[in-house]
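**Q** Quick one: this structure, given as structure tokens, is what I'll be asking you about.
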Amino acid sequence: METAHKTDVIIIGAGPVGLFAVFELGLLDMKAHLVDILDRPGGQCAELYPEKPIYDIPALPIVTGQELTDRLMEQIKPFGATFHFGEMAQKIEKIDNGWRLTTDAGTVIEAPVTVIAAGGGSFTPKKPPIKGIEEYEGTSVFYAVRKMEQFRGKNLVIAGGGDSALDWTVNLAPVANSLTLLHRRDDFRAAPHTVSQMRQLVNDNKMKLVIANLTDIKGANGQINALTLTNADKTVQDLPCDTLLAFYGLTMKLGPVGELCAQQNIELQNGLIPVDTEKFETSAERLFAIGDINWYPGKLKLILSGFHEAALMAQKAFRYVYPDRKLRFEYTTSSSNLQGKLGVK
Amino acid sequence: MMIRVTGRDGSEQELDAIEGWRVMEIIRDHGMTDPNVAIKAECGGSLACATCHVYVDAAWVDKLVPASEDEIYMMDEAFAVQDNSRLSCQIIMNEELDGLQVTLAPGTEP
Ligand SMILES: Cc1cc2nc3c(=O)[nH]c(=O)nc-3n(C[C@H](O)[C@H](O)[C@H](O)COP(=O)(O)OP(=O)(O)OC[C@H]3O[C@@H](n4cnc5c(N)ncnc54)[C@H](O)[C@@H]3O)c2cc1C
Ligand code: FES
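Protein sequence lines correspond, in order, to chains A and B.
Residues 72 to 416 in the working numbering are what the first sequence spells out, letter by letter.
Residues 84 to 193 in the working numbering are what the second sequence spells out, letter by letter.
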């Protein structure tokens, strides 16, 4: 086994709430390691609505999802948190006075306290609602490209109209034996430059563009041999192929966090983790849940509420991390102790 | 005021509607207790998910405010899109829409 990182607090999820938790923990001398399946911080704010304005963050009359993320990153800088991006928190085990977390990349982290700030769950590709599609996944149906070589010589259909679909169309056209881009309309929201590259490939007969909806797949034993397409006039046609790469955006799935909770005998409430409203601790000691992932009477899925939850969580976490120390209540405005930690003194 | 919603299982329900609410919100409210009309609506109406996709009954299509460019873009992430497809979070209830008939599209399962 890899040698374990040791820290004070493990945070699952680097969304706005996980990020602000670093701040509240840091003021109380606790260091944190964060794990997120995304390749950057910000959770929903950065992934789903980076350009959209938020109007209900106290004292920030307007801020976009990305700006909020950037500002939180700046605010927590003094506390030197460690980020493990692109990794899924997979397994959590109880150890003496704490937890051991293992990610899908094999990273191991141990800490006396774990905070689940997993929001709506981890981001995963949206799958076409076609019966039996699971049977083909990983063999002839894919939602991401891990290695381009995987598609060499294939008769490939790429479905979608956004940047991922168009980028991979342009990149895989020379690799695949044949390539067809499938989209519901002859207009694309991907970057105009990539769209014109794709159009050029079509003109040069290096690929095909088909305008229709994907409605079914045909094949056997995990291997597709055709897609059933429905045209705008509701007529149906088959498109022969051996590989499908589908890009219909992302959705959030509870994923491993559900299993983590099951292992700890935490009973979920509509897919959310019940906590108390004093410490935001779960029914398992030293395991907290804050932000969109938790549930308590009156819960509102707002960034504001998550920030509040982070502050109260930190108070209790302190007692686990420093059982012998006394907790002192201080204001950042007037405490030279806190200002020293923030690096402003 | 009411709307008629056909669930993904084909059953039809009449739901009380409130002026000014999004059709998605009306469906979501009822869906909490009735799984036949449960709707994912993952982004809560912010035009960021396309999991509130409905088919609007032909008789009603022209009574709706046409889809914005952003809505048309977002529908690229919906499945089995048809000419009468709309994202229900973009349809705001008003008196003229009393009786509106919509069908939940595939991909809206919570
Ligand atoms: C379009 C839109 C508009 C919104 N507008 C507002 C608004 O105006 N005001 C407001 O207050 N709120 C708004 N919200 C809600 C707000 O974004 C959420 O309340 C907030 O993002 C919750 O933060 P979080 O940190 O709890 O979770 P998230 O932002 O969901 O972050 C959770 C992170 O955890 C990661 N994760 C989960 N499970 C794992 C795992 N097992 N391993 C590794 N990583 C994992 C995910 O990848 C994700 O990055 C909006 C949401 C959307 C979608
Ligand atoms: S609820 Fe997400 S687009 Fe309508």
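For each residue, glycine too, the CB sits at the ideal point set by N, CA and C.
Counting C-beta neighbours from all protein chains within 10 Å, is the total for Asn292(A) 16 or more, i.e. buried, or is it exposed?
**A** Numbered from 1 along the first sequence, position 221 holds the residue referred to as residue 292(A). Under this definition Asn292(A) is an exposed residue.
**Q** With hydrogens ignored, establish whether the beta-carbon of Gln161(A) is closer than 8 Å to any heavy atom of ligand 1.
**A** Here residue 161(A) refers to the residue found at position 90 when the first sequence is read from its first residue. Answer for Gln161(A): yes, Cβ within range of ligand 1.
**Q** Taking CB distances under 9 Å as the criterion, tell me whether Asn284(A) reaches chain B.
**A** Residue 284(A) sits at position 213 when you count from the first residue of the first sequence. By this cut-off, Asn284(A) is an interface position.
**Q** Just to confirm before moving on: does the CB-CB distance between Gln335(A) and Thr353(A) stay below 9 Å?
**A** Along the first sequence, one-based indexing puts residue 335(A) at 264. Along the first sequence, one-based indexing puts residue 353(A) at 282. Yes.
**Q** Chain A partners of Ser129(B), CB-CB under 9 Å?
**A** The residue you call residue 129(B) lines up with position 46 of the second sequence. The contacting residues are Leu119, Tyr120 and Lys123.
**Q** Is the closest heavy atom of ligand 2 to the C-beta of Cys116(A) under 8 Å?
**A** Counted from its first residue, the first sequence places residue 116(A) at position 45. Because no heavy atom of ligand 2 lies under 8 Å away, the Cβ of Cys116(A) does not count as near it: no.
**Q** Ligand 4 heavy atoms versus the CB of Ala189(A): any closer than 8 Å?
**A** Absent from the structure shown: ligand 4. Ligands present: ligand 1 and ligand 2.
**Q** Should Arg270(A) go down as buried or exposed, given a rule of 16 or more other Cβ atoms within 10 Å for buried?
**A** To locate residue 270(A), count along the first sequence from 1; it is residue 199. With fewer than 16 other Cβ atoms within 10 Å, it is exposed.
**Q** Could you compute how far the alpha carbon of Gly136(A) sits from the alpha carbon of Gly290(A)?
**A** By one-based count along the first sequence, residue 136(A) stands at place 65. By one-based count along the first sequence, residue 290(A) stands at place 219. Cα to Cα, the separation comes out at about 42 Å.
**Q** Does the beta-carbon distance from Lys197(A) to Glu178(B) come in below 9 Å?
**A** Translated into positions along the first sequence, residue 197(A) becomes position 126. Translated into positions along the second sequence, residue 178(B) becomes position 95. Cβ atoms of Lys197(A) and Glu178(B): not closer than 9 Å.
**Q** Closer than 8 Å: is that where the CB of Gly192(A) sits relative to any heavy atom of ligand 1?
**A** If you number the first sequence from 1, residue 192(A) lands on position 121. Yes.
**Q** Leaving out five residues before and five after Leu358(A) in sequence, what residues of the same chain have Cβ atoms less than 6 Å from its Cβ?
**A** Within the first sequence, the letter at position 287 stands for residue 358(A). Around Leu358(A): Thr185.
**Q** Could you name the residues of chain B that Arg255(A) contacts, counting a contact when the two beta carbons are closer than 8 Å?
**A** If you number the first sequence from 1, residue 255(A) lands on position 184. Chain B residues near Arg255(A): Met158, Asp159 and Val164.
**Q** Gly169(A) lies in the beta strand (DSSP E); which residues open and close that run?
**A** Within the first sequence, residue 169(A) is the residue found at index 98, counting from 1. Note, Gly169(A): beta strand (DSSP E), Gly169 to Thr174.
**Q** For a quick check, are the C-beta atoms of Phe318(A) and Tyr393(A) less than 9 Å apart?
**A** Locating residue 318(A) in the first sequence gives position 247, where the first residue counts as 1. Locating residue 393(A) in the first sequence gives position 322, where the first residue counts as 1. Not a contact, by the Cβ cut-off of 9 Å.
**Q** Could you pull the start and end residues of the beta strand (DSSP E) that Arg87(B) belongs to?
**A** The sequence position of residue 87(B) within the second sequence is 4, counting from 1. Per DSSP, Arg87(B) belongs to the beta strand (DSSP E) from Met85 to Thr89.
**Q** Kindly indicate if chain A contains any beta-carbon less than 9 Å away from that of Pro149(B).
**A** Reading the second sequence from its first residue, position 66 is the one you call residue 149(B). Chain A, which has no Cβ nearer than 9 Å to the Cβ of Pro149(B), makes this no.
**Q** For Pro118(B) and chain A, any beta-carbon pair shorter than 9 Å?
**A** Taking the first residue of the second sequence as position 1, residue 118(B) is located at position 35. Chain A, which has no Cβ nearer than 9 Å to the Cβ of Pro118(B), makes this no.
**Q** For Ile155(B) and chain A, any beta-carbon pair shorter than 9 Å?
**A** Position 72 of the second sequence holds residue 155(B). So yes, Ile155(B) belongs to the interface.
**Q** Assuming Pro183(A) and Asp79(A) are in contact, meaning their beta carbons sit under 8 Å apart, how far apart are those beta carbons, in whole angstroms?
**A** Mapped onto the first sequence, residue 183(A) falls at position 112. Mapped onto the first sequence, residue 79(A) falls at position 8. Pro183(A) to Asp79(A), Cβ: 7 Å. Contact.
**Q** So, with DSSP's three-state summary, where would you put Leu183(B)?
**A** In the second sequence, counting from the first residue as 1, residue 183(B) sits at position 100. Coil at Leu183(B), not helix or strand.
**Q** Considering Cα atoms alone, identify which of Gly411(A), Gly86(A) and Asp100(A) is closest to Ala385(A).
**A** Within the first sequence, the letter at position 314 stands for residue 385(A). When only C-alpha atoms are compared, the closest one is Asp100(A).
**Q** Does the CB of Arg270(A) have a neighbour CB from chain B at under 9 Å?
**A** Here residue 270(A) refers to the residue found at position 199 of the first sequence. Cβ-Cβ to chain B under 9 Å: no for Arg270(A).
**Q** Check whether the Cβ of Thr174(A) sits closer than 8 Å to any heavy atom of ligand 1, and report yes or no.
**A** Numbered from its first residue, the first sequence carries residue 174(A) at position 103. Flag set: Cβ of Thr174(A) near ligand 1.
**Q** What are the residues in the stretch 85-100 of chain B lying within 8 Å of chain A by C-beta distance?
**A** Cβ contacts with chain A come from no residue of the stretch 85-100 of chain B.
**Q** Out of Leu316(A), Arg171(A), Met159(A) and Asp258(A), point me to the one whose CA is closest to Arg217(A)'s CA.
**A** By 1-based counting over the first sequence, the position of residue 217(A) is 146. The option with the nearest alpha carbon to Arg217(A) is Leu316(A).
**Q** Apart from the five residues on each side of it in sequence, which residues of its chain come closer than 6 Å, Cβ to Cβ, to Pro193(B)?
**A** Looking up residue 193(B) in the second sequence gives position 110. Excluding residues within five positions, the ones whose Cβ falls inside 6 Å are Ala121 and Lys123.
**Q** Give a yes or no on contact between the stretch 153-172 of chain B and the stretch 130-140 of chain B, applying the rule of three or more CB pairs nearer than 8 Å.
**A** Cβ pair count under 8 Å is three or more, so yes.
**Q** Reducing DSSP to helix, strand and coil, say where Val346(A) ends up.
**A** Walking along the first sequence from the start, residue 346(A) turns up at place 275. In this structure, Val346(A) counts as coil in the three-state DSSP scheme.
**Q** For Gly114(B), I'd like the list of residues in its chain whose CB is within less than 6 Å of its CB, leaving aside the five on either flank, ordered along the chain.
**A** By one-based count along the second sequence, residue 114(B) stands at place 31. Only Val120, Ala121 and Ile122 meet the Cβ criterion.
**Q** Let me know the alpha helix (DSSP H) ranges lying completely inside the stretch 114-145 of chain A, each 4 residues or longer, listed in chain order.
**A** With a minimum length of 4 residues, the continuous alpha helix (DSSP H) runs that stay inside the stretch 114-145 of chain A are 114-118.
**Q** Between the alpha carbons of Met85(B) and Gln221(A), how many angstroms are there, rounded?
**A** On the second sequence, residue 85(B) is found 2 positions in, with the first residue counted as 1. On the first sequence, residue 221(A) is found 150 positions in, with the first residue counted as 1. Rounded to the nearest angstrom, the two C-alpha atoms are 52 Å apart.
**Q** Mapping DSSP to helix, strand and coil, what is Asp287(A)?
**A** In the first sequence, residue 287(A) corresponds to position 216, counting from 1. In the structure shown, Asp287(A) sits in a strand (DSSP, three-state: E or B).
**Q** What first and last residue would you give for the beta strand (DSSP E) that runs through Tyr79(B)?
**A** Because chain B here runs from 84 to 193, residue 79(B) falls outside it and cannot be looked at.
**Q** Would you tell me roughly how many angstroms separate the C-alpha atoms of Thr299(A) and Ala75(A), rounded to the nearest one?
**A** Taking the first sequence and counting its residues from 1, one reaches residue 299(A) at position 228. Taking the first sequence and counting its residues from 1, one reaches residue 75(A) at position 4. Going from the Cα of Thr299(A) to the Cα of Ala75(A) covers about 49 Å.
**Q** Going by alpha carbons, who is nearest to Gly342(A) out of Ala360(A), Glu349(A), Ala355(A) and Pro200(A)?
**A** In the first sequence, residue 342(A) corresponds to position 271, counting from 1. Ranking Ala360(A), Glu349(A), Ala355(A) and Pro200(A) by Cα distance to Gly342(A) puts Ala360(A) first.
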